[in-house]
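Input: a single structure, listed below in structure tokens.
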Amino acid sequence: MNLLDRIDRRLADTRARINPDDFEDCVTSLLTPQFPGIVPIVGGTDYGLDAEVTPSDLHLIGLTITSSRTPEGARENLRSSLASMRKHGLAIERVMAANLAEFTRRRRNGLSDIAREFGCELVQVFDRAYFANQFRAHPDWRQKILGIAGGAFSLSRDPRGSWPVDRHLPTVGRDQLFANLTNREEDLVLHGVPGSGKSHVAALLPDALFLEDQPSAERLLDDLIAAHPAIVIVDDAGGRSDELDRLVYTRRAENLSYRVVATCWPHQVDDVTDHLPIAQPFEVELLTREEMGTLLRSRGITRLAVIAQILELAQGRPAWALNLADLLIRDDDWQSVWTGAATRTHVVAHLRRSGAAPEAIELLAAIAMLGQVGEDHARRLGRLLEIPRIDLRRVLESVAVAGLLNVERVRVPLPQGSSATASFEDRYAVEPEIVAASIAADSFFAGRAPAVTLNELRTEFKDRTAHLIQTQIHCALVGATEPVFPTTQDLTDALAAADSDPQKARLLRSYARLEPNRTRFVIDLLTEQARSSWASRDSWSTQWATGLLAECVADSVKGDDSVEPVLQLVELFSELAESGFFHREIAAAFVEELRGARTGDLPDATRLLRVAETIASIPEKPSGHRSASARLALVLEILQPTFEDNFMSPESVTQFILQSFAWPGKYLTALFEATRPELERIVHQLSEDDIKLALEGLAKWVSLAEANALPFGEQPTDEQAEAAARVAVEFAGIVKQTIRRPGLRARFNSITRPLGIHLDEPDVLFATLTADRDLHEGWREAARQSEQAIDEALAPYLQKAPTEIMRWIAANQDDLQLAKAQSAAPWRIMRKIANEPDATRWLTAALEAGLSAQCGILIDAAVSQGGLDQATVTTLLNDSVTRPALLDAVLRHDADKKLAQRIVSQTTAADLAKSDSIFDLRHAPEWKLTLLFTHPDPVFRGTAAALWAAGAAIGPPPGRSVLEAPPNWTEAIAYFTLPSVLEDSYEQEALRAIAREAPDVYADLLARHAQSVTTRNSFDEWSESLRELNAEQRQCLWLRVADTRNANELFCALSAGSVEWARAALESGAARVEPDHLLHAGRCQNGPGISFENIARLFMPLGVEPDGLLWLLTAGTHWGEDHQRYAAILGQCRKLAASSDDDIARLGRRGVEVHEPLLAEAQRRARDAAVRGRRH
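Remember, our numbering sits 31 above the position in the sequence shown when you count from 1.
So, in structure tokens, the structure goes:
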């Protein structure tokens, strides 16, 4: 605590007495240099004034003095002094006030108001702040008035190295800890890994002061008495046992009341508590990434990419994070933060201050070099470092307990076919990777000899070759003092040793970032691998090599201005495309990497411009349309005016950040001008698919020109819309040169309509069918106008032979689909033709033109008109596409009985399921239903009866109040089997109708189904229909299926959510099944709507213990994280524990007992995952 802080603390302490007479002498003495004419007035003759000041203008100024340290006392002193002055007739018009209170501007104005009440002007106030500075400069008066001597003080307000603003940082993630600490009266030990924020937590405890390092033994008692803190904090107490003993002895010997709070690292807790025997230990946990983000923003770090980097480096340590933030804000030291050098400083400082053995530091560096190591690797490392095996675990734990080494318990994989018992081992790794690289760099590449050399590691750990080379590369990238680049042979060996493609990709991509020669090596290597893979037609390997090549080229573009890698990538794209390989996703990923907006930063267009200019500079040479397609895809990706870059939040693994962008106007224009030469060069070589792709790109420009909102809510500016409009017009001018087909022409017109650009369509009917609706017209009027226009355009065709229009439809249906996705144009034409006489003639033409999929409405019209001849019927029946429509038409319209009989007899159950018969069967006459229900195929009969039942569930047709089951329905439905060809909803409705109308038939159906099922089945499809049966019917049905394979499932299904039915069946002995078997039935776990409490009421009287029921709470629950699920289960158990039913209460108490530790462990895992930024 500095001298001014000590003065402030003493002045604020109302228990410290200040002699008023001495203070009056002090004031006149301290003010004499400023007012040489000051004259003190001896008490008893002052009439309210303590001194007079005679300035140069000879107008006296009165001075009132009080040692009061409260504003109220100072105001009362001024008022009484001025009243006495007026009472005794003193002619004083100006006054000054001296006191030891704290005065704000508002309080000073209050004193001025008091002076004006007595006709005076208050010209100056000398308050506590003034005298605190004076006492600092005048040691004699400081000693006399406050009793404070100079020299180093033993106590301070803030921990070493902190900034004053640290006290005002938010205490996120610490609410529960502070609640626990403030309710304690004993000493405390706050322990946590380095940087966890122990000192900050301690500093925020009320009336707490830190003990300075190595305080003077002669002054400690006097300083403790002078400051009388409620809490004395010993920071980094692990190495300060003497000072802890001195504080404890002083407190006891002098009967002082302060508490001692010690902070230390986890491995020092026992040593510290030996010196504070009554201390209560509390862990200061690491903060989650979300909490750390809040802390960094309060420090002024708002750029998301910077937050992400600091979070990755700090790994939940707020002190480290704040130090990194200060390096950026105060020192502008981006290099130290970005390379991990600053974090390495923290790690080395911890190891030094913690007294870690040299072998611990060397072991940590070796593990960082090797990546993750197992127990066998650790033992071999111990031998290399000459660490005795008996000491190895202690050394490992000394760095693991400090949070510098991540320890994971994993199952050791057994050889295939092995019968050995599974075993587990500890795996050790330094995380995150950038910190590991920094630690390894400080040991192996810092200009001094390490305890174990890199060659020794390579020789001993050949199975870690890939990891060694990877760490060696990372050490160079993070700025090692004396980096050693792996040779190309080293890289080749590492690739051969790599155990996965992602590891190979990381090796190659990071190696390419070292320097230009190595970039060239990697690019050449991947180019050759892509060519050889495609030559052997290995599509996956080609895609992998090409995609990785694109990523490396993007890294190269971001790193320097070299154009060679871009030229090589484009050449490879063209070469592979010509031989049949190209993936647009690779081009898209390449451009997305160049934009660089995945971490929350604004995208960068300059790299794309450089790439576009490089592509435009490629000399023109003969190439095929496939090469042009590949280059077009790349150019269009570059040319996108709007785009999305979405990424996982660096602060929360459950949050995905969605963001959309539009380039500023100047970049919109620049990108188009840079890509225009390539577009104009390849435009005449484009295929139809390429033109569609170009139209998609044009549509984005037009949308931006109209200032339409971006996908995630951003609104383009006028500048962006105007620039996009200019580019869209020029882009459309290039694309329209390629348009030949009517479908593409219609699509082009639809896109460019807002631009006022239109290509004439010579085919009037096509133009009419694909015309866009005028959005300014009401939809009814627009529909009327459209129908009228189609009638006029179709009229000439209706005057010709039917084959003309059918050929037109066949020739143009692909273009109609192209013009408008899911186009209904063919159906609209057929609907109008269906109104023509002799529909059979038009139908025949349609079938001859291959339009069987579009002629359903013509079939309906032909049947309705009664003009179908036997040849046409034969044609329709032989076509699986037209059969369902023919069956529909026969059921819907009055038809010749012989024709109907022929059609029904030659259709299948599958045809019936594809038709719309569910609606037609409700209206069908009895004779038609008889045809269906007596069909030669029993599956058809059962399906037809089920469809009728499903239709009946909708209700009777208009004009009928009741829909009764027709003749033969009961016999037909007996042939209905599951699974059927019907949709699930129809199947469910059919089963409900059967259960309601013919329960005996339903029982037969279910019994046959139960006996035929040979695998486990939960009978979900029967669950709703079973509720239609009464208790007696379900009881009878149970007796029929009790011996089937799925009896347990069937019992639960038959209960239909009724506890009473299940209890009665079990108590009567009708259900001869074990309760435990019933509980393990899928229907019991996931249905049938019986609450857990009711299941307990059902089974506990049968002797099922709580543990035999509690597992049902977790069966099938997959929503949320583990801690969320356990919290919900625990809440449910606590409610059960409060039940008045003894059995239920016992179940609830057992549930609480079981799930409380599970919840605590799940919460610990969840917090650890949130600290590390990963899902658990």
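Think of the CB as a built atom: it goes at the ideal place given N, C-alpha and C, for glycine as much as any other residue. Here the structure is a predicted model, which is why all the values come from computation and not from measurement.
Legend entry - Reduced DSSP secondary structure (H/G/I, E/B, other) of I92: strand
Legend entry - Close Cβ partners of R215 (< 7 angstroms) along its chain, the five nearest in sequence each way excluded: Q311
Inset, instruction - Taking T496 as part of the alpha helix (DSSP H), name the residues at either end of that continuous run. - result: 496-508
Inset, instruction - May I ask whether a heavy atom of the ligand MG can be found less than 7 angstroms away from the beta carbon of A284? - result: This structure lacks the ligand MG; in fact it carries no ligand of any kind.
Legend entry - From A397, F455, P517, residue whose alpha carbon lies closest to that of A1208: Here the chain comprises residues numbered 32 to 1207, so residue 1208 is not present and cannot be evaluated.
Legend entry - Coil, strand or helix - D919 by DSSP: Three-state DSSP puts D919 in a helix.
Inset, instruction - Could you please give the first and the last residue of the uninterrupted alpha helix (DSSP H) stretch that includes C1083? - result: Its alpha helix (DSSP H) spans residues 1078-1086.
Inset, instruction - Go ahead and label K929 buried or exposed: buried means 16 or more other beta carbons lie within 10 angstroms of its beta carbon, across all protein chains shown. - result: exposed
Inset, instruction - Look at A1209 and A981 and say whether their C-beta atoms are less than 8 angstroms apart. - result: With the chain running from 32 to 1207 in the structure shown, residue 1209 is simply not present.
Inset, instruction - Below 7 angstroms CB to CB, which residues in the same chain sit around A482 once its five sequence neighbours on both sides are set aside? - result: E393, L416
Inset, instruction - Enumerate in chain order the residues of its own chain whose CB-to-CB distance from S992 is below 8 angstroms, with the five nearest sequence positions on each side excluded. - result: No answer about S992 holds up, because its pLDDT of 49 lies below 50 and its placement is not dependable.
Inset, instruction - For S288, count neighbouring C-beta atoms within 10 Å of its own C-beta (all shown protein chains included) and say buried if the count is 16 or more, exposed if not. - result: Here S288 is exposed, its C-beta having fewer than 16 other C-beta atoms within 10 Å.
Inset, instruction - Would you kindly check if the distance between the Cβ of V760 and the Cβ of L786 is under 8 angstroms? - result: yes
Inset, instruction - Answer yes or no: do G1179 and S1170 have a C-beta to C-beta separation smaller than 8 angstroms? - result: yes
Legend entry - Rounded straight-line distance, which links the Cα of Y1017 to that of R707: 57 angstroms
Inset, instruction - Let me know if Q751 comes out buried or exposed under the rule of 16 or more other beta-carbons within 10 Å of its beta-carbon. - result: buried
Inset, instruction - Spell out the partners DSSP gives C295 in its beta bridges. - result: H222
Inset, instruction - Measuring alpha carbon to alpha carbon, tell me which of L829, A339, R1128 ends up nearest D1173. - result: Checking every option, the nearest Cα to that of D1173 belongs to R1128.
Legend entry - Segments assigned beta strand (DSSP E), at least 3 residues, entirely inside the stretch 293-346: List check, beta strand (DSSP E) in window: 311-314.
Legend entry - Nearest-angstrom Cβ-Cβ length linking L8 and T630, presumed shorter than 8 angstroms: Since the displayed the chain opens at 32 and closes at 1207, residue 8 lies outside it and no answer follows.
Legend entry - Proximity to R106 [Cα-Cα], best of I1126, I145, H90: I145
Inset, instruction - Might you give, ordered along the chain, the residues of its own chain that have their beta carbon closer than 6 angstroms to the beta carbon of T519, omitting 5 neighbours on each side? - result: F552
Inset, instruction - Output the distance between the C-alpha atoms of K229 and P681, rounded to the nearest integer angstrom. - result: Whole-angstrom Cα-Cα distance: 24 angstroms.
Inset, instruction - Determine, using beta carbons only, whether L240 and A258 come nearer to each other than 8 angstroms. - result: yes
Inset, instruction - Can you check DSSP and say which residues form a bridge with Y459? - result: DSSP, once it has assigned bridges, lists V404, V438 as partnering Y459.
Inset, instruction - Would you give the residue range spanned by the beta strand (DSSP E) that I262 belongs to? - result: 262-265
Inset, instruction - Measure the CB-CB distance between H222 and E314 and report whether it falls below 8 angstroms. - result: yes
Legend entry - Nearest candidate by alpha-carbon position, reference I38, set R117, V70, A168: A168
Inset, instruction - Quick one: grab the DSSP three-state call for A82. - result: strand
Inset, instruction - Pick out the complete alpha helix (DSSP H) segments inside the stretch 746-823, 4 residues or longer, and give them in chain order. - result: 749-766, 773-783, 795-800
Inset, instruction - Report yes if the CB atom of G1168 is closer than 8 angstroms to the CB atom of L1190, and no otherwise. - result: Correcting the residue identity first, residue 1168 is Ala in this sequence and not Gly. No, they are not a contact pair.
Legend entry - W958 beta carbon less than 8 angstroms from that of A976: no
Inset, instruction - Answer yes or no: do G696 and E737 have a C-beta to C-beta separation smaller than 8 angstroms? - result: no
Legend entry - S992 in three-state terms, based on DSSP: At S992, the pLDDT of 49 sits below 50, so the modelled position is not reliable; the number obtained from the coordinates is stated separately. It is coil, neither helix nor strand.
Inset, instruction - Give the range of the alpha helix (DSSP H) segment to which S111 is assigned. - result: 102-118
Inset, instruction - Determine the burial state of T748: buried for a count of at least 16 other Cβ atoms within 10 Å of its Cβ, exposed for fewer. - result: exposed
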